Amino acid sequence: MNAVILAVLVMVGLSLARVSVVFALVAGALVGGLFSGLSLTDTLGAFNDGVGGGAKVALAYATLGAFAVALSRSGLPDLLAARLIGMLNGESTPRRQTAIKYGLLGSVTLVAISSQNLIPVHIAFIPILIPPLLVAMNRLRLDRRAVACALTFGLTAPYMLLPVGFGSIFLNDILLANINEAGQAMGLEVTRGMVPMAMAIPVGGMFLGLLTAVFVSYRKPRDYANREIKSTNVPHHTPVHAPSRSGLIMAGVAIIAALGIQLYSGSMILGGLVGFAILSLGGLFKWNEADDLFTSGMRMMALIGFIMISAAGFASVMKATGDIQTLVDASFHIIGDNKPLAALVMLMVGLFITLGIGSSFSTIPIIAAIYVPLALQFGFSPLATVALIGTAAALGDAGSPASDSTLGPTAGLNVDQQHDHIWDSVVPTFIHYNIPLIVFGWVAAMTL
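Shown next, in the form of structure tokens:
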């Protein structure tokens, strides 16, 4: 068996058995490294080398967490929750409850989309916005798996299609740059305008998956206990049900400044720090509270940070085994000149790689150098090549235990211990997004 496949199977199997994701990633990396012939010392060395790369991402999330905690001082999440609960306390007809339910799901999806492109704070908004809404969700008997699917769609689909914010990084700085670099010697040149066009069909598949999750799979009511949230990863703050005008203005200024700094410098860390500083100068919290707020934000993102660090170590071990290239070579050895089967195998190999790494952004540099020559050899057009590589990388981002696209929703929905990360976030998003991505990605590769 290929070491990469074995490592991913061990990691996913342990995660499904409710073992800690961090432990599952470390165990999978050790099994894969040792199985490939690496010594224990070499395996641990490769893991440690990768951990350093994950630390930057973890620090970025911690900074964004602190920024999100500071933004919560504006009282906007509490105001939204209070208004929803007020609507539910009024005349409660089935039609009204249904309208509120789908309005809530639509709003959550739009906020998640904005977090990737318009106000790129990524998952930092979830543990601040979602917990105050859980009471309203319980009153609506809303299945939290539908909310998880809505959040994951908003966290993944926008960067695959819209070249703004995180989408600019994924589509232009990573996907476009790696394809052109790998295809330069063979005369392949892809322009910026071609990338969103190529990804439109796969994203359409994800949208179909979202509709299926919301209106079919998780349409029926589901009951949750109304537990008081006493000790959670959500930082304590005094609820503010009527945000002040000055607080909202400063929050808007901080968001715009954080966005501008991030886009200018390319650093989420610097953007988060600037936003945090502006909120402090605007009087939303005192300087002597800054340390406690920053610590609360980092604590909120601690688990996600450790998982991302472990995932970077796992990815480093997988590269060190050399079996990623072996996996691709072995797959295409049995294909011959079957173009439709070649497209399907490319997508499935990308799924296995991304499931283990947990990041579509990190998958592209691994597969682009291999996939571009193969795609040209099989006669795929430039648009089809972009669709194949982009979809192969995005596969597994939704549905990976180590992906921030599933970790983020769990961080908000499980504050009362009634939402399991694997069975309520990972498995639903895997089913509703990876299957449509495979189908629609294959269609895009064969028709473009």
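Counting from 18, one number per residue, gives the positions in the sequence shown under the working numbering.
Glycine included, C-beta positions come from ideal geometry on N, C-alpha and C.
Since this is a predicted model, take the numbers as computed values, not measurements.
For Pro175 and Val212, the rounded distance between their alpha carbons: By 1-based counting over the sequence shown, the position of residue 212 is 195. By 1-based counting over the sequence shown, the position of residue 175 is 158. C-alpha separation (whole angstroms): 13 Å.
Which residue comes first and which comes last in the alpha helix (DSSP H) that contains Val128? To locate residue 128, count along the sequence shown from 1; it is residue 111. Segment 111-131, the alpha helix (DSSP H) holding Val128.
Just grab the DSSP bridge partners of Ala415 for me. By one-based count along the sequence shown, residue 415 stands at place 398. BP columns for Ala415 point to Leu412.
Using only alpha-carbon positions, find the residue among Gly458, Ile143, Pro238 that is nearest to Ile406. What you label residue 406 is simply residue 389 of the sequence shown in a count that begins at 1. Of the candidates Gly458, Ile143, Pro238, the one whose C-alpha sits nearest the C-alpha of Ile406 is Gly458.
What is the residue span of the alpha helix (DSSP H) that Arg162 lies within? As a first step, residue 162 is located in the sequence shown; it is residue number 145 there, counting from the start. Run containing Arg162: 161-178, per the alpha helix (DSSP H) assignment.
Looking at C-alpha atoms only, which residue of Ala34, Ser56, Leu227 is the closest neighbour of Val334? Position 317 of the sequence shown holds residue 334. Cα-wise, what sits closest to Val334 is Ser56.
Is the beta carbon of Val443 less than 7 Å from the beta carbon of Gly413? The residue given as residue 443 occupies position 426 in the sequence shown. The residue given as residue 413 occupies position 396 in the sequence shown. No, the Cβ-Cβ distance between Val443 and Gly413 is not below 7 Å.
Cutting at 6 Å between CB atoms, please list the residues of its own chain near His436, excluding the five before and the five after it. Stepping through the sequence shown from its first residue, residue 436 is reached at position 419. Within the same chain, His436 has close Cβ partners Arg161, Leu430.
Can you have a look at Asn134 and say buried or exposed, based on whether 16 or more other CB atoms are within 10 angstroms of its CB? Numbered from its first residue, the sequence shown carries residue 134 at position 117. Label assigned to Asn134: buried.
Check whether the Cβ atoms of Leu178 and Ile381 sit closer than 7 Å, and answer yes or no. Along the sequence shown, one-based indexing puts residue 178 at 161. Along the sequence shown, one-based indexing puts residue 381 at 364. It is not a contact, given that the beta carbons lie outside the stated cut-off.
What does a CB cutoff of less than 6 Å around Thr173 pick up in its chain, not counting 5 residues either side in sequence? Walking along the sequence shown from the start, residue 173 turns up at place 156. Here the set comprises Asp414, Ala415, Ser422.
Spell out a yes or no on whether the region 285-300 and the region 262-275 are touching, meaning 3 or more CB-CB pairs, one atom from each, closer than 8 Å. yes
Cα-Cα separation, Arg239 to Val233: Translated into positions along the sequence shown, residue 239 becomes position 222. Translated into positions along the sequence shown, residue 233 becomes position 216. Near 14 Å, if we compare the C-alpha coordinates of Val233 and Arg239.
Could you give the first and the last residue of the continuous alpha helix (DSSP H) run that contains Glu206? Translated into positions along the sequence shown, residue 206 becomes position 189. Neither: Glu206 is in no alpha helix (DSSP H) and is coded neither H nor E.
Asn189 - containing alpha helix (DSSP H), residue span: In the sequence shown, the residue the question calls residue 189 occupies position 172. Note, Asn189: premise wrong, no alpha helix (DSSP H); not H, not E.
Applying the 10 Å Cβ sphere with the 16-neighbour rule, what's the burial state of His449? Taking the first residue of the sequence shown as position 1, residue 449 is located at position 432. By the 10 Å Cβ count, His449 comes out buried.
For Phe385 versus Ile186, is the C-beta spacing smaller than 7 Å? Here residue 385 refers to the residue found at position 368 of the sequence shown. Here residue 186 refers to the residue found at position 169 of the sequence shown. First, the residue type needs correcting, since residue 385 is Ala and not Phe in the sequence shown. No.
Option nearest Trp440 by Cα separation, candidates Ala163, Thr408, Val403: Translated into positions along the sequence shown, residue 440 becomes position 423. The shortest C-alpha separation from Trp440 is found at Ala163.
If you draw a straight line from the alpha carbon of Gly396 to that of Met223, how long is it in whole angstroms? If you number the sequence shown from 1, residue 396 lands on position 379. If you number the sequence shown from 1, residue 223 lands on position 206. Each residue's Cα considered, the two are about 26 Å apart.
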